[in-house]
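Going down the list, the sequences are from chains A and B. First residue of the first sequence? That's 1 in this note's numbering, and the numbers climb one at a time after it. First residue of the second sequence? That's 1001 in this note's numbering, and the numbers climb one at a time after it. Each residue gets a CB set at the ideal place from its N, CA and C atoms; glycine is no exception. From a predicted model like this one, the values you see are computed outputs, not experimental measurements. Take a look at the structure below.
Number of protein chains: 2
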Amino acid sequence: MEKLEYQEGRTELSSFGEFALIDRLTEGFTTHNKSTVKGVGDDCAVLGTGKNKMLVTTNTLVEGVNFDMMYTPLKHLGYKAVAVSLSNIAAMNGIPRQVLVSVAMSNRYSVEAMEEFYAGIRLCCERYDVDLVGGDTSTTRAGLTITVTAVGEVDEDKITYRSGAKLHDLICVSGDLGSAYSGLLVLEREKVTYQANPNFQPDLGGYDYVLERFLKPEPRMDIVKLLKEKNIVPTSMIDVSDGLASELLHICKESQCGCEVYEERLPIDYQTSRVCSEMSQNMLPVSNALNGGSDYELLFTISQSDYEKIKDSEEVHIIGHITEKGSPAVMVTPQNSTIELRAQGWKQE
Amino acid sequence: MEKLEYQEGRTELSSFGEFALIDRLTEGFTTHNKSTVKGVGDDCAVLGTGKNKMLVTTNTLVEGVNFDMMYTPLKHLGYKAVAVSLSNIAAMNGIPRQVLVSVAMSNRYSVEAMEEFYAGIRLCCERYDVDLVGGDTSTTRAGLTITVTAVGEVDEDKITYRSGAKLHDLICVSGDLGSAYSGLLVLEREKVTYQANPNFQPDLGGYDYVLERFLKPEPRMDIVKLLKEKNIVPTSMIDVSDGLASELLHICKESQCGCEVYEERLPIDYQTSRVCSEMSQNMLPVSNALNGGSDYELLFTISQSDYEKIKDSEEVHIIGHITEKGSPAVMVTPQNSTIELRAQGWKQE
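Here you go:
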């Protein structure tokens, strides 16, 4: 029998963050095919030999890690699984066309439960004109794991990588930040109360916006459309899955630059602020915006010459600018002090 | 809190086979994009608007269901996860170009263990000139789940679906059948002995071929190349993942035909026969060939006019022919009796 314990020289997964782990595991892989334009390292792979490129991305959601069945309706979960993958296509300035959905589930789930889940997949596919073209169903000993692969397309001259931000470019973000995480906080609070007293009826009134942000996020295809209408090709772009700080650091690393964002410019919904004040006096909405994640907003940089085209768009907020190579990524507070940004995204549990 | 128990009208997943479940879940999904040539229902989706089409397929392997860590070296597992997806590209007569690998793992796995796994992925990628272009790593509460998406290409006029078999076409299969399942039987036998006595040293000598067939299958890209060299476009094709019987039934269903295969024509390796005779007097090698699965051979049909081109190929065996619509799928025994084929592929545990 193969020995599967690696006691000697064992390095715990928990000692690595997600990105360091991916870097280590994919080190030494090179690409050879002429149809591979961009491999590992951005929101999507870019494939194809013609002018019209194909985008491919894959995302996994794991029960008990990425979602809690206690408060996740299956229809929402199906919707979210697709939405998250479409958001990656949006982050390359592309249009999603197809998805493949792989589901590994235990027999705790009934056929009717799976139908609910697929109803959510279907709703998201219909909303974004995306075709379900394949997938796989497997059994598991326990739990539900979902992997969605999305395929999209983009013209060669519209592809937006993380790596194109230039000195003095403006940093923009769509929608608002921190609300999805605030929704999660509310759900976790109600779960604890419910577990203590199963007769308790959770009161989720007044939190509808933040709950929907967490349970049923939308890929910002409207922003991709807006950019096209305004004739803007962002110099860099990424979607906000791990929190603004983490995503800014990705752009700075890949674009070899620094950045400054202004705390007072960060778009934060009033429900986010309300949840924070309810939870603890020490919980600041700006922390949720920087580190909460799961907002699936688009973070992008544009040339200053594009400022006039976008300054009046309600859904886009200019939050800062790109600084020179070697500068840190910082947030400037209203008191004019600077705080260096650190990634607090995914870490192995 | 959302009620997640569906007691009323609950239908157990176990009451459905994999294919019936997929049919039920994807019922009502329609495709709208002009780049969607073929959606759910074959080995790959076929995408693109040009003459050169893209193939996309996704496969999931779950610990404790699709593999047992007790006897699966992680390097082999990485290799197999990729190989299985490439086999689906081969089954459409295509050439694989890229893969995306999503891994969800518990912290039972060390970084070194994951490196072993990725070494296997890399070996398979290098062997088949495929680029790793993306993926995802997630945590799980327990176990390892792997989803591989493969992307390939094929000329429009070479695409081979399951649905093109015609009356009197010859049924061909590559390599041999039942050996992978025989390898699994050996591993399971040794596991039981080992569990009874952990000091026992498993003796796997003399089983090397069947073990490799199970642990490290190869996608039959050589057959795709051979067909091209011989200027043959099969009328239908599928890879043997669930067993010959199940795959023949897929072809018959999609092509609206029946078939006859001859028991004495089924290619069976002597190690397969040896394992069967060791296991039980009642275990017939032909059952492993029909129902064992995991061989990842190619099963295809060709026009009779292509017979001369392929009859001398050592790696291709002509095992029967297509019969008319409405006829059953049968195996003819050496005694000239016919046995109707039934699918014994995947069933929810």
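Determine, using beta carbons only, whether A:T58 comes closer than 9 Å to chain B. yes
Option in B:Q1271, B:K1225, B:E1260 with minimal Cα separation from B:E1315: B:K1225
For my contact list, A:L177 and A:V275 are in at a C-beta cut-off of 8 Å; report their separation, rounded to the angstrom. That pair is no contact at about 13 Å.
Terminal residues of the continuous beta strand (DSSP E) containing A:M105? Per DSSP, the unbroken beta strand (DSSP E) holding A:M105 starts and ends at 95–105.
Using a beta-carbon distance below 9 Å, is A:Y161 in contact with chain B? no
Interface positions of the segment 1006–1025 of chain B facing chain A (Cβ-Cβ less than 8 Å), listed along the chain: If the cut-off is 8 Å between Cβ atoms, the segment 1006–1025 of chain B has Y1006, G1009, R1010, T1011, E1012, L1013, S1014, S1015, F1016, E1018, L1021, I1022, R1024, L1025 near chain A.
Listing by chain order, which chain B residues have their CB less than 7 Å from the CB of A:H32? D1129, D1131
Any C-beta of chain A under 9 Å from that of B:G1221: The residue you asked about is not Gly; residue 1221 of chain B is Met in the sequence shown. Chain A contact via Cβ: absent.
Hey, out of B:Y1181, B:T1160, B:S1085, B:L1284, whose CA is closest to B:G1292's CA? B:Y1181
Endpoints, the beta strand (DSSP E) within which A:L170 is located: 170–174
Inter-stretch contact (C-beta, 8 Å, three-pair minimum) for the segment 1145–1158 of chain B and the segment 1070–1087 of chain B: yes
Just tell me which of A:T26, A:S236, A:A289 has its CA closest to the CA of A:S163. That would be A:S236, whose Cα lies nearest to the Cα of A:S163.
Sub-9 Å separation of B:L1132 and B:V1111 beta-carbons: No. Outside cutoff.
Beta carbons nearer than 8 Å to chain B: which residues of the segment 178–206 of chain A have them? E190, K191, Y194, P202
Where in the segment 282–319 of chain A do unbroken runs of the alpha helix (DSSP H), each at least 4 residues long, occur, reported from the N-terminal end onward? 285–291, 307–310
Of the residues A:I251, A:P267, A:I238, A:V65, which one's Cα is nearest the Cα of A:I318? A:P267
Measuring only between beta-carbons, confirm whether B:G1039 sits less than 9 Å from chain A. yes
With H, G and I counted as helix, E and B as strand and the rest as coil, what does DSSP make of B:K1038? strand
Considering only residues of the segment 1160–1211 of chain B, which uninterrupted alpha helix (DSSP H) runs meet the minimum length of 4 residues and lie entirely inside it, listed in chain order? Along the segment 1160–1211 of chain B, the alpha helix (DSSP H) occurs as fully enclosed runs of 4 or more residues at 1179–1196, listed in sequence order.
Buried/exposed call for B:F1200, threshold 16 Cβ in 10 Å: exposed
Given B:E1340, which residues of its chain have a CB within under 6 Å of its CB, disregarding the five upstream and five downstream residues? P1328, V1330
If you measure beta-carbon to beta-carbon, which residues of the segment 1319–1340 of chain B are closer than 9 Å to chain A? none
What are the boundary residues of the alpha helix (DSSP H) that A:N66 is part of? Counting along the chain, no alpha helix (DSSP H) covers A:N66, and no H or E run does either.
Looking only at its chain, what residues have a beta carbon closer than 6 Å to the beta carbon of A:V233, apart from the 5 residues adjacent to it on each side? K158
Would you mind stating whether B:V1037 and B:K1053 have Cβ atoms separated by less than 9 Å? yes
Going by beta carbon distance, what residues of the same chain come within less than 8 Å of A:N93, once the five residues before and after it are set aside? The answer, listed in chain order, is V154, K158, I159, T160, V224, L227, V233, P234, M237.
Within the same chain, show all residues whose beta-carbon is closer than 7 Å to that of A:K3, passing over the 5 residues directly before and after it, in chain order. Only weak support is given to the placement of A:K3: the predicted model assigns it a pLDDT of 44, under 50, and the question is left unresolved by the model.
Residues within the segment 147–161 of chain A neighbouring chain B, beta-carbon criterion of under 8 Å: T147, T149, V151, E153
Could you give the DSSP three-state label for B:L1266: helix, strand or coil? The answer is coil: DSSP assigns B:L1266 none of H, G, I, E or B.
Local Cβ density within 10 Å of A:D169, reported as buried at 16 or more and exposed below that: buried
Might you give, ordered along the chain, the residues of its own chain that have their beta carbon closer than 7 Å to the beta carbon of A:S49, omitting 5 neighbours on each side? Note on identity: in this sequence residue 49 of chain A is Thr, with Ser being the wrong assignment. Beyond the five residues adjoining it in sequence on each side, A:T49 comes within less than 7 Å, by CB distance, of K34, S35 in the same chain, given in chain order.
If you measure from the beta carbon of B:R1342 to each beta carbon in chain A, is any gap under 9 Å? no
Work out the CA separation of A:L215 and A:Y209 for me, nearest whole Å. 10 Å
Write down the C-beta distance between A:V62 and B:T1140 rounded to the nearest angstrom, noting that I regard them as a contact closer than 8 Å. 5 Å
Please check the pair A:I310 and A:I302, which I expect to be a contact at CB under 8 Å, by giving their CB distance rounded to whole angstroms. At roughly 7 Å, the Cβ-Cβ gap stays under 8 Å, so A:I310 and A:I302 are in contact.
Kindly indicate which three-state DSSP category A:H250 falls into: helix, strand or coil? helix
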